[in-house]
Amino acid sequence: MIKNDEIKEFAHRPQECMAALLPVRDALEVLNGRWKLPILITLSDRPKRFKEISKDINGITDKMLSKELKDLEINKLVTRTVYDTFPPTVEYARTEHSQSLTNVIMALKDWGTLHRKEIIGK
1 MIKNDEIKEF
11 AHRPQECMAA
21 LLPVRDALEV
31 LNGRWKLPIL
41 ITLSDRPKRF
51 KEISKDINGI
61 TDKMLSKELK
71 DLEINKLVTR
81 TVYDTFPPTV
91 EYARTEHSQS
101 LTNVIMALKD
111 WGTLHRKEII
121 GK
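The sequence shown begins at 1 in UniProt numbering and counts up one residue at a time.
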């Protein structure tokens, strides 16, 4: 984990600063947008079908959900399993790799709570 002192040191070494920012950029690229984290959170407890995810996330359109699920699948954060039924059943689940985001999600939640209190007092 990078500490405040380490961040200050990067300011004096631009090449090292850029090298340290690359993984952060990668992470933000994968998790960008309004919907990816809510999708991962709703899939935390169990695999779900498309309509279940859609109902869990207020305001997401089916088109956007489909796009975001594809992006998450490409980045190996979600798996898509098609069952041989009629009509076909499709379930989405978090991958083991996506479980490594749990601490990140919790840290963002904690920071968001602090930030909310700082900005709006709630």
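Using N, Cα and C, we set each Cβ at its ideal position, and we do this for glycine too.
This structure is a prediction, so every number in the text was calculated from the model and none was measured.
In this structure, the straight-line span from the alpha carbon of lysine 70 to that of glutamate 52 is close to 16 Å. Buried is the label assigned to leucine 101, since at least 16 other Cβ atoms lie within 10 Å of its Cβ. In the DSSP annotation of this structure, threonine 61 is not part of any alpha helix (DSSP H), being labelled neither H nor E.
By the CB criterion at 8 Å, leucine 108 and arginine 94 fall outside the cutoff. If one requires a minimum length of 4 residues, the alpha helix (DSSP H) runs lying completely within the region 18–74 are 36–42, 50–56 and 62–74, in chain order. Counting the other CB atoms within 10 Å of its CB gives isoleucine 74 a total below 16, which places it among the exposed residues.
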